[in-house]
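Colleague: Residue 590 in the numbering used here sits at position 5 of the sequence shown, and the numbers go up by one each step.
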Amino acid sequence: MTRLVLMFVFTLLVCSISFIACEEDSTPTSPTPTIPHELSVTDFSENSISLSWKLNDDFIAGFRIFRAEADGEFSQIIQLDDSESRIFADLNLTEGTLYRYKLKTFQGDAESGFSNIISATTLPAAPSDLVVNRISESELKIIWIENSLNEDNYEIQRREDSIEEFTTRVTLGANLNEYSDIDLTTNTTYHYRARALQGEASSNWSNIATGFTKTDTPIRPENLTAELRSGKNVELKWTDVSDNEIGFVVEMSPSDIQGWRGLDSLGTDTEE
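#1: Using the beta-carbon count (16 or more within 10 Å), is P616 buried or exposed?
#2: What does DSSP give as the partner residues of L813 in its beta bridges?
#3: By DSSP, does T753 sit in helix, in strand, or in coil?
#4: List the endpoints of the continuous beta strand (DSSP E) containing N738.
#5: Is the beta carbon of N632 sitting closer than 8 Å to the one on L683?
#6: Sorted by chain position, which residues of the same chain lie with C-beta nearer than 7 Å to L761's C-beta, five sequence neighbours on each side aside?
#7: With distances taken between CB atoms, is the gap from S791 to R780 smaller than 8 Å?
#8: Going by C-alpha to C-alpha distance, which of L848, R814, T802 sits closest to V826?
#9: Given 8 Å as the limit, is there contact between the stretch 702-717 and the stretch 744-753, that is, 3 or more CB pairs closer than that?
#10: Less than 7 Å separating the Cβ of D667 from some heavy atom of the ligand NAP?
#11: Per DSSP, what kind of secondary structure is W860 in: helix, strand or coil?
#12: Would DSSP call T690 helix, strand or coil?
#13: Work out the CA separation of N701 and F659 for me, nearest whole Å.
#14: Name the one or two DSSP bridge partners that K639 has.
#15: Less than 8 Å separating the beta-carbons of T824 and T800?
#16: Below 6 Å CB to CB, which residues in the same chain sit around K689 once its five sequence neighbours on both sides are set aside?
#17: Counting only the same chain and skipping the five closest in sequence on each side, list residues whose C-beta sits under 7 Å from that of C607.
#18: If we count the other Cβ atoms within 10 Å of its Cβ and call it buried at 16 or more, is L708 buried or exposed?
#19: Where does T596 sit, in a helix, a strand or coil, going by DSSP?
#20: Within a Cβ cutoff of 7 Å, which residues of the same chain sit near S704, ignoring the five residues on either side of it in sequence?
#21: Among D628, D643, K639, T773, which residue has its Cα nearest to the Cα of S668?
#22: If we call anything under 8 Å between Cβ atoms a contact, is L848 one with M837?
#23: Pull the bridge partners of S713 from the DSSP assignment, please.
#24: Using DSSP with H/G/I as helix, E/B as strand and the rest coil, what is D766?
#25: Pick from A646, T706, T855: whose alpha carbon is nearest that of E784?
#26: Quick one: what does DSSP say T706 is sitting in, helix, strand or coil?
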């Protein structure tokens, strides 16, 4: 019996498979911080400007505020590490100067874009130590300390003692510190104040100073009366309405044609 031997030849094909491992980045991508909006000026003085803005985003660490003087370049002036900040007061500024502002938010290394740009001009410095000197019965001189370096004009306002509202008496040029008010009414009290002007801006008012145009000549006494006492004695009385006399002279005349002669000299504020 013949045996059929079947031989199977197996060829083992060995394939080498290479695997390329890809490591996935586990660091989360940070969103871009939101841009603050509605940046505005809420108040300003001769040396400060106050800002406010709005932001509806909790995913920030704070704000970076930038400032430029006039047409100059912006530079960061402060970083506010407070996500809830919505106001800022810029202090120690120069009077009568234009400043521009913008700001952005930040979170880590990420920053938002800039907000809108706003501008404000600090007020000129107000004059101070205003005083009034009497020159004559119809002239007063007003003197003040000039504190502004950028004013265009000075405005002087005046009111009489019997009037409540001030009105502008004169507008003067720059770099002046005195004004003579003439043609005034005798024996009248006047009140003055001054401020610096720069373009459409004006400083705060100075202190109010008061002057009085009293006459050099004493006001004559009024309501003179004579009452005969016993014998040859006559008692005289009058009303003293002057505030600058140094005394009174009493004269008498025996008749209308014999003339007057001095009878006595009395001290100030005497009325009999």
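Cβ atoms here follow ideal geometry from the backbone N, Cα and C, with glycine treated the same way.
Here the structure is a predicted model, which means the values were calculated and not measured.
Modeller: Walking through what the data contain:
#1: exposed
#2: V819
#3: strand
#4: 738-745
#5: no
#6: Y739
#7: yes
#8: T802
#9: no
#10: Questions concerning the ligand NAP fall outside what the structure shown contains, since it holds no ligand whatsoever.
#11: Here the chain comprises residues numbered 586 to 857, so residue 860 is not present and cannot be evaluated.
#12: strand
#13: 13 Å
#14: H622
#15: no
#16: R649, E696, S697, F699
#17: Summary for C607: the model assigns pLDDT 46, below 50, so the residue's position carries little reliability; its value from the coordinates is reported in the next sentence. Around C607: no qualifying Cβ.
#18: buried
#19: Its pLDDT being 45, under 50, T596 is placed unreliably in this model, and the value from its coordinates should be taken loosely. Here T596 sits in coil by DSSP.
#20: L683, Y684, R685
#21: D643
#22: yes
#23: I730
#24: strand
#25: Note that residue 784 is Gly in the sequence shown here, rather than Glu. Out of A646, T706, T855, T706 has the C-alpha closest to the C-alpha of G784.
#26: strand
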